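Notes for the one structure printed next.
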Amino acid sequence: MFDGRTVTIRPVRSIDEAHEREFFNHLSGESRYLRFHKWVRVPSERLIHFLTDIDYDQHMAFVCVERKGGAEEVVGEARYVADPDGRNCDFGIVIADTWHKTGIAGLLMEALIDSARARGLKTMEGLVLGSNRAMLRFARALGFEVKTAPDDPTTRRIVKKL
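So this is what it looks like as structure tokens:
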């Protein structure tokens, strides 16, 4: 990593519920808003279940963890959910506020894109608030095309051919 810390990128497991809950509880309100496009004060049990109940095929997710003592701390996560046609997927990513600009977003996206390609998906896309300039710059650097979302001029649709 850019700042010398050591992390591990690994798939999310169903036993990660407590880790995911703690991770999302420690995100700033702004980070939650930028990720979910709405104010999420506390992640619901339903959301935590969705975040950890993945099938590694249609729904794939990776976490970036730092080991502290003998425990893991989630510091970032990225996921995709494939469309029923098996050609395209939507993705999302969020990084702990204290870990911005450390390089872990790139590591997570590399794992996510590689997984989507291996799965045979053709296109990855996501929705980003137009005010989230850092994410739009990051997406462009990864080769995503940025377009205005057809149904919301304040949102951008980012698309990458895999």
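Residue numbers for the sequence shown follow our numbering, beginning at 23 and rising by one. Yeah, the Cβ is synthetic: ideal placement off N, Cα and C, and Gly gets one too. Computed from a predicted structure; not experimentally measured.
Bridge partners for Thr176 per DSSP, in chain order? Numbered from its first residue, the sequence shown carries residue 176 at position 154. When DSSP reads this structure, Thr176 sits in no beta bridge, so it has no partner.
Taking the C-alpha atoms as reference points, what is the distance between Glu188 and Ala93? Given that the chain is displayed from residue 23 to residue 184, the structure contains no residue 188 and the question cannot be resolved.
C-alpha gap between Asp119 and Ile126, whole angstroms: As a working mapping, residue 119 is identified with position 97 in the sequence shown. As a working mapping, residue 126 is identified with position 104 in the sequence shown. Each residue's Cα considered, the two are about 12 angstroms apart.
When burial is assigned at 16 or more other CB atoms within 10 Å of the CB, is Tyr102 buried or exposed? Counted from its first residue, the sequence shown places residue 102 at position 80. Per the 10 Å Cβ criterion, buried.
If you run the structure through DSSP and keep just helix, strand and coil, what is Ile117? Start at 1 with the first residue of the sequence shown, and residue 117 comes out as number 95. Residue state, collapsed to three classes: strand.
For Val64, count neighbouring C-beta atoms within 10 Å of its own C-beta (all shown protein chains included) and say buried if the count is 16 or more, exposed if not. For this step, residue 64 is matched to residue 42 along the sequence shown. Val64 is exposed by the Cβ-count criterion.
Ordered list of alpha helix (DSSP H) runs contained in the region 42–110, each at least 4 residues: 51–58 and 67–74
Buried or exposed: which applies to Ala138, given that a residue is buried once 16 or more other Cβ atoms fall within 10 Å of its Cβ? Counted from its first residue, the sequence shown places residue 138 at position 116. That one is buried.
Find out if the Cβ-Cβ distance for the pair Phe113, Pro33 is shorter than 7 angstroms. Reading the sequence shown from its first residue, position 91 is the one you call residue 113. Reading the sequence shown from its first residue, position 11 is the one you call residue 33. Against a cut-off of 7 angstroms, the Cβ pair of Pro33 and Phe113 comes out as no contact.
Rounded to whole angstroms, what's the CA-CA distance from Pro172 to Ile115? Just pull it up for me. Looking up residue 172 in the sequence shown gives position 150. Looking up residue 115 in the sequence shown gives position 93. Approximately 22 angstroms, taken between the alpha carbons.
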